[in-house]
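Trainee:
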Amino acid sequence: MKIKENNMLNKAIRISFFLCLFSILLIPAGYLFSISFSRQVSILLIEVILGFQSLLTTFLLYKKPEIVNKKLVITSFLFCLVCVVSLMANAGRFTPSELIVSVFYLFRFLIYAQIIVLGYFFSISQKRTLLKALIISGVMYSIIGMIQYFFYPDLRNIRYLGWDEHLYRLVGTFFDPNFTGGFLSATFFLVAYSYKRITSKAVWISVLSVIFIALILTYSRSTYLSFVAGMIVFALLKKKKKVVLFGALALMMALILVPKNFGGEGVNLLRTASISARIVEYKKTIGLIKKAPLFGHGFNTLRYVKQKEGLLENSDAFNSHSAAGVPNSLLFVLVTTGLFGLAAFFIIGKSFFTVAKSWNRDSLHGFITISIVLFTHSMFENTLFYPFILLFLCVYIASCIE
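For the sequence shown, position 314 matches number 313 in numbering that gives the first Met the number 0, and the numbering has no gaps at all.
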């Protein structure tokens, strides 16, 4: 009986591993492999796969709860509980269909987060394979992004699908230069800390160069800032001050040489329109926070709240993908789940850093650097809740767990 149970556990672990691996390798496909039920709701193929895989995680947790760090599970559950309470507290303001959509996005968050638990079940070789897969996906995404940049630079014709207009910027299959930049910036530092896993120094430098070029072509200033923050942290942790100088010179040279004569506003690095738009969004969000400071307006109900409060200009604005969020992850948590949600969110972060102290030095330093990169980026976009970046972060954490 014991042998049969162990065989079932090993089989569940193997299947979970291959499903995770497949999901990672699907990242370069971005939103090309998604099912849209409306202009407000779409499901990625990755999420369908991880949805099935999460059933296996539930089985593994049921059979072997003792090997998982209970603090991580409890703190994650606490945040999800606050999200549910915030939805229940505001349920009367929304239609059943609106509540279903909001609950769906909570499940989406959970199916990504459950990947972290698998770090306690996967073998060292499986974890290394997942890290390699993340690097391969980052390189593939960079190449696909550059193909898009050179051969399909004008994405104004897909605005009817709810995407923002972008011209002469590398947006990749995420159809957004900022989130693309955030993903590439995090991947760059994953590669930077993976020099021991890459066959030769020439290959390592080539991979970094490809990702760096793609990152520059996003023309995303939030990405540039997060990259600089990452470089500073990397240099401090590695005790190599020359890295900051080299990174700064490389970035300056790239920004000088990158094409700027296309005429589009997006390639103007001194543009102010996007800054003004963000300030307007911040003011609207702060106004909403004041109306529901404790439990917020309900997790991921922001699109409907904005509509009911008259904060969206027209139906096009309502159908836009950006209507569901705020260009700042902390403000997003605060406006949707209130002060209780923000506190729970910080508790999760603290518990991750506590667990990370037991990792090997490269894993710990990589986690700190990538966290700073994504946190910096999240001050300008809702980066921490973006599906592909959330997948990247959860897989990375799972792969570092010892």
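All C-beta atoms in this analysis are idealised placements derived from N, C-alpha and C, irrespective of residue type, glycine included.
1) Which residue from S199, L98, P326 puts its Cα closest to that of I274?
2) Do I34 and I42 have their beta-carbon atoms positioned less than 8 Å apart in this structure?
3) Counting along the chain, where does the alpha helix (DSSP H) carrying I273 start and finish?
4) Tell me, please, which residues DSSP counts as bridged to D153.
5) Put S410 into one of helix, strand or coil per three-state DSSP.
6) State the DSSP-derived secondary structure class of I347, mapped to helix, strand or coil.
7) Is it the case that the segment 74-86 contacts the segment 131-140, given that we only count it when at least three CB pairs across the two stretches are under 8 Å?
8) State buried or exposed for F32, treating a residue as buried only when at least 16 other CB atoms are found within 10 Å of its CB.
9) Looking at C399: is its Cβ nearer than 8 Å to the Cβ of S362?
10) Would you report the Cα separation of Y281 and R127, rounded to the nearest angstrom?
11) With H, G and I counted as helix, E and B as strand and the rest as coil, what does DSSP make of S357?
12) Taking G29 and G180 to be in contact with their CB atoms under 8 Å, please state how far apart those CB atoms are, rounded to whole angstroms.
13) When you compare only the Cα positions, how much space is there between D315 and A343?
14) Between which residues of its own chain and S350 is the CB-CB distance below 6 Å, once the five residues before and five after are set aside?
15) In angstroms, rounded to a whole number, what distance separates the CA positions of A249 and T353?
16) By the three-class DSSP mapping on this structure, what secondary structure does D315 have?
17) Within 10 angstroms of its Cβ, does T222 collect 16 or more other Cβ (buried), or is it exposed?
18) Can you tell me whether DSSP reads S41 as helix, strand or coil?
19) Between which two residues does the beta strand (DSSP E) carrying S377 extend?
20) Per DSSP, I34 forms a beta bridge with which residues?
21) Output the boundary residues of the alpha helix (DSSP H) element that contains G246.
22) Determine the direct distance from the alpha carbon of E401 to that of L55, and round the result to whole angstroms.
23) Below 8 Å between beta carbons: does that hold for Y194 and H364?
24) Out of A185, S328, I396, which one is the CA nearest neighbour of A213?
25) Taking only runs that begin and end inside the segment 81-163, name each unbroken alpha helix (DSSP H) of 4 or more residues, in chain order.
26) Could you tell me if Y218 is buried or exposed, where buried requires 16 or more neighbouring beta carbons within 10 angstroms of its beta carbon?
27) Given a threshold of 16 other Cβ atoms within 10 Å of its Cβ, counted over all protein chains shown, does G309 qualify as buried or as exposed?
28) Check whether the segment 100-109 touches the segment 145-158, taking contact to mean three or more Cβ pairs, one atom from each stretch, closer than 8 Å.
29) Is it true that the segment 371-390 meets the segment 323-339, where meeting means three or more beta-carbon pairs spaced less than 8 Å apart?
30) Check the C-beta distance from P27 over to M139 and give it rounded, since I have them as a contact under 8 Å.
31) Measure from the alpha carbon of K237 to the alpha carbon of each residue in Y61, F384, I367, T94, then state which is nearest.
32) What would DSSP say about I197, mapped onto helix, strand or coil?
33) Taking 8 Å as the cut-off, decide whether the C-beta atoms of G337 and L383 are in contact.
34) Mapping the DSSP letters down to three states, classify Y303 as helix, strand or coil.
35) By the 10 Å Cβ neighbour count, where 16 or more other Cβ atoms means buried, how is K3 classified, buried or exposed?
36) At the level of alpha carbons, what is the spacing between R196 and L189?
Mentor: Straight from the coordinates:
1) P326
2) yes
3) First, the residue type needs correcting, since residue 273 is Ser and not Ile in the sequence shown. Where S273 is concerned, the enclosing alpha helix (DSSP H) stretches over 272-290.
4) Partner(s): L166.
5) Since the first residue shown for the chain is 0 and the last is 401, residue 410 is missing from the structure and cannot be characterised.
6) The three-state secondary structure of I347, taken from DSSP, is helix.
7) no
8) exposed
9) yes
10) 40 Å
11) DSSP places S357 in coil when its eight states are reduced to three.
12) Taking C-beta atoms under 8 Å as the contact rule, G29 and G180 fail to qualify, at a distance of about 14 Å.
13) Caution applies to D315, whose pLDDT of 48 falls short of 50 and renders its modelled position unreliable; the model cannot decide the point.
14) K70, L71, T74
15) Cα to Cα, A249 sits roughly 34 Å from T353.
16) Note on D315: pLDDT 48, under 50, position unreliable in the model; the coordinate value appears next. Under the three-state reduction of DSSP output, D315 falls in the helix class.
17) Label assigned to T222: buried.
18) strand
19) Careful: S377 lies outside any beta strand (DSSP E) and carries neither H nor E.
20) I42
21) 240-256
22) 21 Å
23) no
24) A185
25) Complete alpha helix (DSSP H) runs here, min 4: 95-112, 114-117, 123-150.
26) Result: buried.
27) exposed
28) no
29) yes
30) Between M139 and P27 the Cβ distance is about 4 Å, and since that is below 8 Å, they are a contact.
31) Nearest to K237 by alpha-carbon distance, out of Y61, F384, I367, T94, is I367.
32) coil
33) No, these two residues do not count as a Cβ contact at 8 Å.
34) Y303: helix per DSSP, three-state reduction.
35) exposed
36) 11 Å
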